[in-house]
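Please read the structure below before turning to the comments.
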Ligand code: SF4
Ligand code: MG
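Residue numbers (full-length UniProt numbering): 9 to 334.
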């Protein structure tokens, strides 16, 4: 059957002083109805840009230079702003990293809900619907009368999710919605998001730098590096047996959802400059398993037992080769 979302070769570039930066490089994946997909990677790997590209929220100098984003059979990339506005909130909504930035600071939460509802010609029972979604996310509807700054960080994020739920969309795209919260609030919000998803049946794309956090909730995972998919597969498989050396490093960085956060211990260095990408594997400069050919041959996405892995160690013609790590 037709997937809810079909992203094909999506490419996003932006202009820099050094020339064009390839922030998202031919990313392809599909999403089923009701599926929870996690997208993980360090900052600077293109994950937020990918999310903005899917939601058609990029602004210059960043822009889509190739590929398509088919949502329920319609290509969002070629839609006009007017067409997109009919899809936004009602069928697809976005929850940003900071509700403080996403919400209007001088308008009450309730007034912002009303504006969204009215923009989609929803005129009756506005108060009832607003109260309903606040209750869904566990915030006292009395806070519809509050301004964003009057709420705690956790309540603001919940209010933002409530707003995203006004029309019970088919897809909610979330960009690190819990990253500003402490560990306890983060965990409880994740549990609540998952519960809402089960009850209401929407699909989620959840972007985070914390692979351990999302792995408790997602069905599948995409690990991004250097603007590309490094690994894509079923969450349990990727989590239990990460095949890409970068996925392994990410997991080592966050030993457990409750554990302390530490930098990428196994992987010193930082992601490549997207305006000056190296030849060969984009991870080679940091990879503990790099071989001489890694700086010459660009790895493709290899299918290894239904997990896609962009690493020469898994290239069919190289598996078992005698090449030794450098
Ligand atoms: Fe490491 Fe080479 Fe695999 Fe890249 S292709 S991840 S450098 S082993
Ligand atoms: Mg980001």
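Cβ coordinates follow ideal geometry from the N, Cα and C atoms, glycine included.
For residue 251, the closest alpha carbon among the candidates 244, 239 and 258 is that of 239. In this structure residue 307 is buried. Its beta-carbon is surrounded by 16 or more other beta-carbon atoms within 10 angstroms.
Taken in chain order, the complete alpha helix (DSSP H) segments of 4 residues or longer contained in the segment 122-148 are 134-144.
CA-to-CA, the gap between residue 49 and residue 132 works out to about 43 Å.
In this structure, the C-beta of residue 276 stays at least 7 Å away from each heavy atom of the ligand SF4. Measuring C-alpha to C-alpha distances from residue 24 to each of 191, 68, 141 and 137 identifies 68 as the nearest.
Inclusion of residue 307 in the 7 Å shell around the ligand SF4 follows from its C-beta lying nearer than that to a non-hydrogen atom of the ligand.
Going by C-alpha positions, residue 144 is about 30 Å away from residue 247. In the three-state scheme derived from DSSP, where H, G and I count as helix and E and B as strand, residue 215 is classed as strand. Of the residues 300, 215 and 224, the one whose Cα lies closest to the Cα of residue 46 is 215.
In the three-state DSSP reduction, residue 232 falls in the strand class (E or B). Going by C-alpha positions, residue 115 is about 36 Å away from residue 73. Beta bridge pairing from DSSP links residue 239 with 231 and 317. Looking only at 314, 315 and 297, the smallest Cα-Cα distance to residue 321 is reached by 297. Annotation note: the segment 167-220 contains the following uninterrupted beta strand (DSSP E) runs of length 3 or greater, listed N- to C-terminal: 179-183 and 211-216. The criterion of a C-beta distance shorter than 8 Å is satisfied by residue 141 and residue 170. Here residue 83 is bridged, per DSSP, to 78. Contact between the segment 178-196 and the segment 86-100 is present: 3 or more CB-CB pairs across the two stretches fall below 8 Å. Secondary structure note for residue 285: it is in no alpha helix (DSSP H), with a DSSP letter that is neither H nor E. Our two residues, residue 208 and residue 230, have alpha carbons roughly 24 Å apart in a direct line. With fewer than 16 other CB atoms across the displayed protein chains lying within 10 angstroms of its CB, residue 153 is exposed. Counting the other CB atoms within 10 Å of its CB gives residue 127 a total below 16, which places it among the exposed residues. Taking the C-beta atoms as reference points, residue 71 is found nearer than 8 Å to residue 21. Of the candidates 13, 55, 32 and 243, the residue whose Cα lies closest to the Cα of residue 39 is 13. Taking each of 139, 129, 186 and 111 in turn and checking the Cα distance to residue 158, the smallest one comes out for 111. When the beta-carbon positions are compared, residue 279 and residue 52 come within less than 8 Å of each other.
The three-state secondary structure of residue 10, taken from DSSP, is coil.
For a cut-off of 8 Å, the C-beta gap from residue 31 to residue 235 is around 5 Å, short enough to register as a contact. For residue 283 against residue 29, the beta-carbon gap comes to about 4 Å, under 8 Å, which counts as contact. In the three-state reduction of the DSSP assignment, residue 55 falls in the helix class, which pools H, G and I. The beta carbon of residue 326 sits closer than 6 Å to those of 320, all from its chain and outside the five residues before and after it, given in chain order.
A straight-line Cα-Cα distance of about 14 Å links residue 77 and residue 88. Residue selection by CB proximity (closer than 7 Å to any heavy atom of the ligand SF4) returns 252, 253, 254, 289, 291, 292, 295, 297, 298, 299, 302, 307, 319, 320 and 321 in chain order. For residue 90, the enclosing alpha helix (DSSP H) covers residues 89-95.
If the five residues before and after residue 223 are omitted, its C-beta is found closer than 6 Å to the C-beta atoms of 243 and 247, all from its own chain and listed in chain order.
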